[in-house]
Every structure is written in structure tokens, then in C-alpha cells.
Amino acid sequence: MALSKSFQKGQVPMLCQMCEESKEIKWKCLLCDFLLCTKCQKLHKKVKSTDQHTIIDIKDISSHQQQIKDKLDLSNIQCGIHSEHNCFLFCQSCEVVVCPLCITKIHNKHTMVELAEGYQLTLKSMKTFNSEIEEEIDQNEEVLSELGILKSSEDRKYELEKQNILNREKILKDEVEKHTNKLLKELDQRKEILMQSVNNAQNRSQKINKDLDLRRKNLNQALNSNIANQVFNIYSEEKISRQQRIVPANPKFKKLPKFVPGKNVVQDFYLGELKESDDDQKIFEFKVIKQYKTELVMVGNLVCCDDRSIFITGYPSSKLHKLKLTNESLCDLHTFKTNIFNMALLPSGDLLLSTKESNLTILSCSTSKVNPTKFSVNPLITLGVHVTSDHKILVGVRENQPNPFPVNGPRQVIMMSMDGEKEKVYHTDNKGKLIFTFPYRITTDNDNNVYVIDILDEEWRGRIVALDKTNRVRWVYTGNPDINKKQTMKPQIWWLQNLTTL
Numbered sequence: 004m005a006l007s008k009s010f011q012k013g014q015v016p017m018l019c020q021m022c023e024e025s026k027e028i029k030w031k032c033l034l035c036d037f038l039l040c041t042k043c044q045k046l047h048k049k050v051k052s053t054d055q056h057t058i059i060d061i062k063d064i065s066s067h068q069q070q071i072k073d074k075l076d077l078s079n080i081q082c083g084i085h086s087e088h089n090c091f092l093f094c095q096s097c098e099v100v101v102c103p104l105c106i107t108k109i110h111n112k113h114t115m116v117e118l119a120e121g122y123q124l125t126l127k128s129m130k131t132f133n134s135e136i137e138e139e140i141d142q143n144e145e146v147l148s149e150l151g152i153l154k155s156s157e158d159r160k161y162e163l164e165k166q167n168i169l170n171r172e173k174i175l176k177d178e179v180e181k182h183t184n185k186l187l188k189e190l191d192q193r194k195e196i197l198m199q200s201v202n203n204a205q206n207r208s209q210k211i212n213k214d215l216d217l218r219r220k221n222l223n224q225a226l227n228s229n230i231a232n233q234v235f236n237i238y239s240e241e242k243i244s245r246q247q248r249i250v251p252a253n254p255k256f257k258k259l260p261k262f263v264p265g266k267n268v269v270q271d272f273y274l275g276e277l278k279e280s281d282d283d284q285k286i287f288e289f290k291v292i293k294q295y296k297t298e299l300v301m302v303g304n305l306v307c308c309d310d311r312s313i314f315i316t317g318y319p320s321s322k323l324h325k326l327k328l329t330n331e332s333l334c335d336l337h338t339f340k341t342n343i344f345n346m347a348l349l350p351s352g353d354l355l356l357s358t359k360e361s362n363l364t365i366l367s368c369s370t371s372k373v374n375p376t377k378f379s380v381n382p383l384i385t386l387g388v389h390v391t392s393d394h395k396i397l398v399g400v401r402e403n404q405p406n407p408f409p410v411n412g413p414r415q416v417i418m419m420s421m422d423g424e425k426e427k428v429y430h431t432d433n434k435g436k437l438i439f440t441f442p443y444r445i446t447t448d449n450d451n452n453v454y455v456i457d458i459l460d461e462e463w464r465g466r467i468v469a470l471d472k473t474n475r476v477r478w479v480y481t482g483n484p485d486i487n488k489k490q491t492m493k494p495q496i497w498w499l500q501n502l503t504t505l
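So for the sequence shown, this note's numbering puts the first residue at 4; every next one is plus one.
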């Protein structure tokens with residue numbers, strides 16, 4: 004009760020901040036930040052030094068504040084280099100706000116746009132950054148999940164192999180005690196090394212997740228703030244962070260060895276040995292099942308259909324052959340006269356053709372006619388083409404010139420939707436360096452990571468470039484160093500084994 008009386012006693016009505024007499028507060032001067040009575044409000048308007056001030060009814064304060072919040076202020080963005088100047092344009096070439104001195108000294112011949120347009124472009128880029136970070140977080144979560152599964156599996160395997168060793172020890176008793184302890188120590192050391200590596204990878208992945216989450220929060224905060232200065236600052240910070248991106252941890256480790264029991268005869272016994280499991284070192288054996296002979300000098304392209312028919316082209320050749328596989332031979336169903344560089348099978352069963360022109364074409368399986376498509380890369384020309392498992396079109400492109408070398412224009416891999424809309428362009432790597440020389444062939448794995456055969460020169464020396472879903476280069480394979488001493492890597496047609504092994 005005493006507390007209630009104390010509050011009542013402390014509640015004093017506010018007086019007009021000019022006359023300090025009237026309690027009938029009805030107005031507010033936004034510039035002076037004064038609460039006024041009606042009389043002082045009228046006087047305030049008559050004074051020459053304050054007659055241009057904005058005065059509003061106190062009932063409208065909340066709505067006015069919302070209007071101020073909704074209105075973007077681009078008039079007071081201080082230049083980060085020349086603090087005495089405000090920025091008044093946006094350099095589209097460098098993606099930064101600029102003042103007059105910036106334009107004179109640094110951005111003289113660059114493309115400039117109004118701040119409002121630059122602000123919208125920056126917001127769009129930040130939203131893209133945000134989406135990519137979300138995708139990276141998802142990928143990192145997958146890595147963490149794989150690490151957790153690996154750790155549990157290896158823990159169980161450790162216990163199993165340890166028990167096998169101990170059971171073997173009971174059979175051989177004292178004679179093998181020394182060897183038993185030796186093997187257990189080796190197994191423990193291997194497990195300790197493995198778990199340390201896994202834990203380090205987990206800690207690294209968790210740190211990456213924490214950093215990415217902080218960047219995402221900063222981006223979201225900037226996107227929701229509607230404060231231009233904050234948006235530009237966060238955008239600049241994010242660009243720097245992206246250049247310093249930490250490579251995600253690799254969830255693949257050399258697993259624990261398997262215990263293989265020795266012989267049970269004492270005179271030549273041995274306790275056993277730790278042997279690497281088969282899943283760490285898979286051995287591939289290639290076996291010819293059946294051969295079919297063609298009249299072509301070399302098969303340049305080959306696509307298999309579900310009905311046991313195949314499409315092949317020769318090299319060099321201007322003909323496409325549709326053949327049927329029988330038990331005895333190849334049956335020639337149809338021959339199309341068209342110059343094909345590469346081809347891929349569409350979900351519809353039609354054949355998508357790259358003819359080194361600006362538009363891909365389609366060979367209709369129902370009409371056997373070649374039709375134009377909306378898949379255009381104009382003014383460039385198409386090279387390798389591939390259709391992904393989620394129905395995206397990947398096409399390698401280069402500038403329109405007679406010879407592929409030397410390079411005199413863009414060399415890219417473009418991803419399109421089935422509607423012909425360009426969704427991604429793989430062009431530069433994480434450091435801004437051009438990725439491709441001649442994107443000759445393209446394929447994808449089960450996770451839709453992209454793999455490109457990139458030819459480097461006229462002698463067809465090349466490499467394999469692996470890209471992830473966020474436009475980044477995962478790795479580049481240039482061949483086995485020992486083999487390369489005798490023969491330079493010249494990659495040709497390829498495929499994926501179980502959608503994971505090239």
C-alpha cells in the first residue's frame with residue numbers, strides 16, 4: 004500500500020517546455036524536441052529563427068515515427084575514405100558508395116548509378132549472400148551428421164575388434180600376452196588418432212557454423228534495419244568474410260583396421276594383425292561383357308536410352324546414328340545429318356544437342372525431327388551439355404570464333420531451368436580467377452555437384468574441375484604425377500560409378 008502511495012506521489016504532470024506553466028501539452032516541435040502547449044505552439048511559429056520548424060500533434064507522434072522509419076535516408080552517408088565528404092553515387096563496377104573525391108581519384112571511368120538504385124542492388128546481393136550462407140549451413144550440417152555417424156560406427160567397431168582380440172588372447176593365453184598387448188596398444192593409438200581427427204573436424208565444423216550463423220544474423224539485421232549506412236557496412240564486411248572463407252572439414256578419414264586372427268597351431272602361431280577394411284581401398288575390376296563393332300573411326304558421343312537403343316556420333320563426322328542393341332549386332336534405326344559437338348538425354352526421352360551454335364536444339368524421338376529450343380547462350384556458342392537428376396541444363400560455352408585457342412572471350416558453364424532461364428554462371432573461382440579454358444564435357448553426382456572436363460590447349464591436355472552448388476571450386480584434378488611423367492593427362496568421355504566415383 005505504501006509503495007502504491009509512493010508511485011502516486013511521484014507522478015507529476017508534465018509542463019510545457021517553453022512557458023513551463025501550462026499542463027495542457029498538445030504539440031511537439033520535432034527539431035527542438037520540445038513538448039508545447041497551444042499558446043507556445045503559436046508563438047513558436049511566429050519566431051523568425053523557428054518559423055520553419057515542423058510541429059505536429061502529439062497524437063500523431065507514433066505515426067510520424069513510423070513514416071520516418073519507412074523513409075530511406077540516403078542524404079547523410081559519410082565516405083569511408085574521405086570523411087569530410089558524403090557519398091552521393093554508387094559505383095556499380097566496384098559495388099561501393101562514392102563521394103566526389105572517390106570518383107575523381109579512383110572511380111573515374113566506372114559505371115555509376117543513383118544511391119537508391121545502388122541500395123536496391125546491394126540489398127539484392129545481400130539476400131543472395133544470405134541464401135548462399137543458408138545453403139552452406141545445410142552442407143555443414145550434413146558434414147557434422149556424417150562425422151557423428153562415423154564416430155558412433157567406429158566406436159562400435161573398436162569395441163568389436165577389441166573383443167575379438169581379447170577372445171583370441173584367451174585361446175593362446177600366456178604365450179601371446181605380449182603380442183596381445185602390443186596389438187591393443189596399436190589399436191588404441193589408431194583410435195586415439197582417428198578420434199582426435201574426427202573431434203578436430205567436429206570442432207572446426209562447429210566453429211564454421213558459429214561464424215556463418217553470426218554472418219547470417221548480421222545480414223538479416225541489416226536487411227531488416229532499413230538503415231543504409233548499416234547495410235553498406237555489413238555488405239562490405241560480408242564481402243571480406245567471403246574472401247576469407249574457411250574450407251569445410253572433410254568427413255572422410257582412414258578408418259580403424261580390422262583384426263584378422265592368426266593360426267591356432269602353437270609352433271607357428273601368431274595372434275593376428277590389424278588389416279585395413281575393404282571399404283577403405285576399393286579395387287575396381289573392368290570386364291568386357293560384349294563388344295559391338297561400328298564403321299566409325301572413333302565414337303565421339305554416346306547416349307543410352309531405356310529401350311536398349313543408343314545414339315552415337317563419330318569423330319570427325321556430321322552424322323548422328325540411332326542404333327538398337329541386339330544380342331548379335333547393332334541395328335541401324337535412323338541416321339540424322341547434323342553436326343553435333345555433344346548431347347544429353349532429356350527426361351522426356353528427347354535428345355538435347357549442342358552444335359557449337361548460340362542455341363541448343365532438340366531431336367524429337369516421336370517425330371525424328373531436329374527443332375530449335377529456348378536454351379540460348381547468345382552471343383556465345385555451346386560446348387559440352389548435361390541434364391542433371393533434378394532437371395537442370397548445364398552447358399559449357401565460349402566466344403564465337405573459328406578456333407578454340409587462344410582464348411579471346413568468356414569461357415563458362417551455365418545452369419538453366421527447363422524454361423530456358425539462366426540460374427547460375429560458373430565463371431570465376433573463390434579468388435576471382437577465371438575457372439575454365441575450354442569446358443568440353445560436364446557431368447554431376449547424386450548431390451548435384453558439378454564436374455567439368457576442361458581442355459587447356461590444342462594438344463588436348465586437360466584437367467577435371469569439381470564445383471559445388473554455391474558456385475565454388477571444390478578441387479581440381481590434373482592427373483597422377485607418376486603417370487604424367489610419361490603421358491600428359493588428356494581426359495575424354497567419363498561417367499559416375501554409383502553416382503559417387505568418377
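Built from N, CA and C at the ideal position, the CB exists for glycine as well.
Values in this document were obtained by computation on a predicted structure and should not be read as measured data.
Under the rule that 16 or more other beta-carbon atoms within 10 Å means buried, what is C32, buried or exposed? Result: buried.
Excluding the five sequence neighbours on either side, which residues of its own chain have a C-beta within less than 6 Å of the C-beta of P264, listed in chain order? The answer, listed in chain order, is R171 and G275.
Given 8 Å as the limit, is there contact between the segment 186-200 and the segment 227-243, that is, 3 or more CB pairs closer than that? Verdict: no, contact absent.
Can you tell me which of the three DSSP states Y238 falls into? Here Y238 carries a helix assignment [DSSP, helix/strand/coil].
Let me know if Q247 comes out buried or exposed under the rule of 16 or more other beta-carbons within 10 Å of its beta-carbon. The residue is exposed, with fewer than 16 neighbouring Cβ atoms inside 10 Å.
Can you check which of these residues, I384, D422 and L386, is closest to K377 by C-alpha distance? K377 has its Cα closest to that of D422, out of I384, D422 and L386.
C-beta atoms of K395 and M419 nearer than 8 Å: M419 sits close to K395, with the two beta carbons spaced by under 8 Å.
According to DSSP, is D310 part of a helix, a strand, or is it coil? In the displayed model, D310 falls within coil according to three-state DSSP, outside both helix and strand.
For the segment 72-89 against the segment 43-50, are there 3 or more C-beta pairs whose distance is under 8 Å? Taking 8 Å as the limit for Cβ pairs, the verdict is that the segment 43-50 does not touch the segment 72-89.
What are the boundary residues of the alpha helix (DSSP H) that includes H337? Unbroken run through H337 is the beta strand (DSSP E), L333 to K340; no alpha helix (DSSP H).
Using 8 Å as the threshold, is the C-beta distance between V390 and L349 below it? In this structure, V390 lies near L349, with their beta-carbon atoms less than 8 Å apart.
Assign K31 to one of three DSSP states: helix, strand, or coil. Three-state DSSP puts K31 in a strand.
Using the Cα positions of K325 and R444, report the straight-line distance between them to the nearest angstrom. K325 and R444 have their alpha carbons spaced roughly 21 Å apart.
Leaving out the 5 sequence neighbours to the left and right, which residues in its chain are closer than 7 Å to D271 when beta-carbon positions are compared? For D271, the pLDDT reaches just 43, beneath the cut-off of 50, and the residue's location in the model is therefore unreliable, although a value from the coordinates is still provided. Around D271: no qualifying Cβ.
Which two residues bound the contiguous beta strand (DSSP E) that contains H47? First-last for H47: T41 to K49, but that is the alpha helix (DSSP H), not the beta strand (DSSP E).
Report yes or no: do the segment 136-143 and the segment 110-126 share at least 3 C-beta pairs separated by less than 8 Å? Output reads no: the segment 110-126 does not touch the segment 136-143.
What is the DSSP secondary structure of N212, counted as helix, strand or coil? DSSP, reduced to helix, strand and coil, places N212 within a helical segment of the structure shown.
Could you name the residues of the same chain whose beta carbon sits closer than 8 Å to that of L386, not counting the 5 residues immediately before and after it, in chain order? The residues are F344, N345, S357, K359, V398, G399, V400, R401, F441, P442 and Y443.
On the three-pair Cβ rule with 8 Å, is the segment 35-44 touching the segment 16-27? The segment 35-44 is in contact with the segment 16-27.
So, using beta-carbon positions, are K322 and T338 closer together than 8 Å? Against a cut-off of 8 Å, the Cβ pair of T338 and K322 comes out as a contact.
CA-to-CA distance, L150 to A204, given in whole angstroms: Whole-angstrom Cα-Cα distance: 8 Å.
For D60, which residues does DSSP report across the bridge? D60 pairs with W30.
How long is the line joining the alpha carbons of L333 and K493, rounded to whole angstroms? So the two alpha carbons sit approximately 29 Å from each other.
Could you check where the beta strand (DSSP E) with T447 kicks off and where it finishes? Element bounds for T447: P442 to T447.
Measuring CA to CA, which of K176, E240, L299 and K160 is closest to R193? Of the candidates K176, E240, L299 and K160, the one whose C-alpha sits nearest the C-alpha of R193 is K160.
Return the residue from the list K242, L104, D63 and L38 that minimises the CA-CA distance to K130. Relative to K130, the option among K242, L104, D63 and L38 whose CA is nearest is K242.
On the premise that T446 lies in contact with R464, defined as a C-beta separation below 8 Å, what is that separation, rounded to the nearest angstrom? 20 Å between Cβ atoms; not a contact.
Let me know if V269 comes out buried or exposed under the rule of 16 or more other beta-carbons within 10 Å of its beta-carbon. Confidence is the limiting factor: at V269 the pLDDT is only 49, short of 50, which leaves the residue's position unreliable, though a coordinate-based value still follows. Label assigned to V269: exposed.
When you compare only the Cα positions, how much space is there between M198 and V479? Take the alpha-carbon of M198 and the one of V479: they are about 29 Å apart.
Could you check how far apart the C-beta atoms of F262 and I168 are, in whole angstroms? I think they sit under 8 Å. In this structure F262 touches I168 by the C-beta definition: roughly 5 Å separates them, less than 8 Å.
Distance CB(L355)-CB(V388) smaller than 8 Å: Yes, the Cβ-Cβ distance between L355 and V388 is below 8 Å.
For E138, is the beta carbon positioned less than 7 Å from some heavy atom of the ligand PLP? Of the ligands one can find in the structure shown there are none, so the ligand PLP has no counterpart to examine.
Cα separation between F439 and S228? F439 and S228 have their C-alpha atoms some 40 Å from each other.
Quick one: which unbroken beta strand (DSSP E) runs of 3-plus residues sit fully inside the segment 412-495? Chain order, please. Within the segment 412-495, complete beta strand (DSSP E) segments of at least 3 residues are found at 415-419, 425-429, 442-447, 453-458, 465-470 and 476-480, given in chain order.
Compute the beta-carbon to beta-carbon distance between D393 and N330, rounded to the nearest angstrom, for a pair I have assumed lies under 8 Å. With 8 Å as the limit, D393 and N330 do not qualify as a contact, their Cβ atoms being about 35 Å apart.
Which residues share a DSSP beta bridge with T316? DSSP, once it has assigned bridges, lists N304 and L323 as partnering T316.
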